[in-house]
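Just so it is clear: in the sequence shown, position 104 is 173 by our numbering, and no numbers are missing.
Here is the structure we will look at, set down as structure tokens.
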Amino acid sequence: MANAGIQLLGFSLAFLGFIGSIASTVMVEWKASSYAGDNIITAQALYEGLWKSCASQSTGQVQCKVYDSLLQLPAIVLGTRGLMLSAILLSLIAILLATVGMKCTTCLADQPEQKDKVALTGGIILIIAGLLGLVGTSWYAHRIAQDFYNPFTPTNSKYEFGSALFVGWGAAILIMIGGGFMCCNCPKKGSGKAPRYPRSNPASNSGKDYV
70 MANAGIQLLG FSLAFLGFIG SIASTVMVEW KASSYAGDNI ITAQALYEGL WKSCASQSTG
130 QVQCKVYDSL LQLPAIVLGT RGLMLSAILL SLIAILLATV GMKCTTCLAD QPEQKDKVAL
190 TGGIILIIAG LLGLVGTSWY AHRIAQDFYN PFTPTNSKYE FGSALFVGWG AAILIMIGGG
250 FMCCNCPKKG SGKAPRYPRS NPASNSGKDY V
């Protein structure tokens, strides 16, 4: 049952990564206002996400605003949205396939070879989904760093990495590790049944003697 244990571990990690990807996508702290500067005095913190932006006052009051126009959004926001949503959708499909292909489930129990192939397909899709999530978060982080170190960016307009990026990175890594564990149980080429040969009957020739 070692393979079943590895599959169950991979499924658990992938499911945690799937939940983390959803949480990262809906979080607003993709980038947070930076306080890098000696002359910056502000009573509020600004956050921007994929769907809305928020301002947190020093009194604890938080005001959020959903983006008004889809067409006026920066390309980095639209691209990251697409990558994260694609990663979530592929992860959901892969988790369903992995549920069918795992050894601890009764689906396709009478077809072990097909069951292994389904599990392998789910693992490959999980790896692809993790890569999409990793590309989306890394692309967004690269844009934040690029604007931060740009000398033409005003000091009070600089942003730093938000907590949603770290959640997204962790989720993407968990999904890829889980997909790798699901792929560890690849179907063996020699796992088919041995060919059957017709049985010889030596007793039928026992009464015949040849010189």
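The C-beta atom is built at its ideal place from N, Cα and C for all residues, glycine as well.
Cβ neighbour criterion (16 or more within 10 Å) applied to residue i
i                 : result
serine 138        : exposed
leucine 147       : exposed
phenylalanine 345 : The chain is shown only over 70 to 280; residue 345 falls outside these bounds and no answer can be derived.
lysine 73         : The residue you asked about is not lysine; residue 73 is alanine in the sequence shown. Alanine 73 comes out exposed.
lysine 100        : buried
glycine 118       : buried
glutamine 215     : exposed
Under 8 Å between C-beta atoms of residue i and residue j
i                : j              : result
isoleucine 244   : alanine 83     : yes
phenylalanine 80 : methionine 153 : no
glutamine 141    : serine 125     : no
phenylalanine 87 : isoleucine 164 : yes
isoleucine 194   : isoleucine 162 : yes
8 Å CB neighbourhood of residue i in its chain, flanking five on each side removed
i             : result
glutamine 183 : Leu177
Beta-carbon proximity list for residue i, same chain, < 6 Å, skipping 5 on both sides
i                 : result
phenylalanine 235 : none
threonine 206     : Leu234, Gly237, Trp238
phenylalanine 217 : Lys227
arginine 150      : Leu119
serine 155        : Leu201
Opposing strand residues paired with residue i [DSSP bridges]
i            : result
glycine 125  : According to the sequence displayed, residue 125 carries serine and not glycine. Serine 125 pairs with Ala114, Val131.
tyrosine 228 : Ser102
Residues near residue i by beta carbon distance below 7 Å, same chain, minus five either side
i              : result
isoleucine 197 : Leu159
Quick check for students: name the residue ranges of the alpha helix (DSSP H) that lie wholly in the stretch 171-217, counting only runs of 4 or more. 181-217
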